[in-house]
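Residue numbers in the sequence shown follow our numbering, run continuously in steps of one, and reach 67 at the last position.
Note that the Cβ used here is the ideal one computed from N, Cα and C, for glycine as well.
Comments concern the structure below.
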Amino acid sequence: MQTQTPELLKLPEVMQMTKHRKTTIYGLIKKGEFPAQVKRGRATFWRRSEVQEWLNSLEPATH
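Structure follows, in structure tokens:
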């Protein structure tokens, strides 16, 4: 049985999703307030699901 790898995003995609600059994103990571990046070889990525969960947590509940 194969496990599906989560969709990974590069920094420009994370910046576009969050509307935050690189320095803001890394500052939030340092404070533990944003999902940490994932290393794949020399490249750095973020899991789309974690970034989306973070975005969802910022929105006020409507239910």
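Can you tell me whether residue i is buried or exposed, with buried defined as 16 or more other CB within 10 angstroms of its CB?
i	result
residue 59	exposed
residue 41	buried
Between which residues of its own chain and residue i is the CB-CB distance below 7 Å, once the five residues before and five after are set aside?
i	result
residue 18	29, 50 and 55
residue 35	none
Thinking C-beta only, is residue j closer than 8 Å to residue i?
i	j	result
residue 44	residue 11	no
residue 15	residue 48	yes
In chain order, what residues of the same chain have a beta carbon less than 8 Å from the beta carbon of residue i, not counting five sequence neighbours either side?
i	result
residue 26	15 and 19
What does a CB cutoff of less than 6 Å around residue i pick up in its chain, not counting 5 residues either side in sequence?
i	result
residue 63	none
residue 22	none
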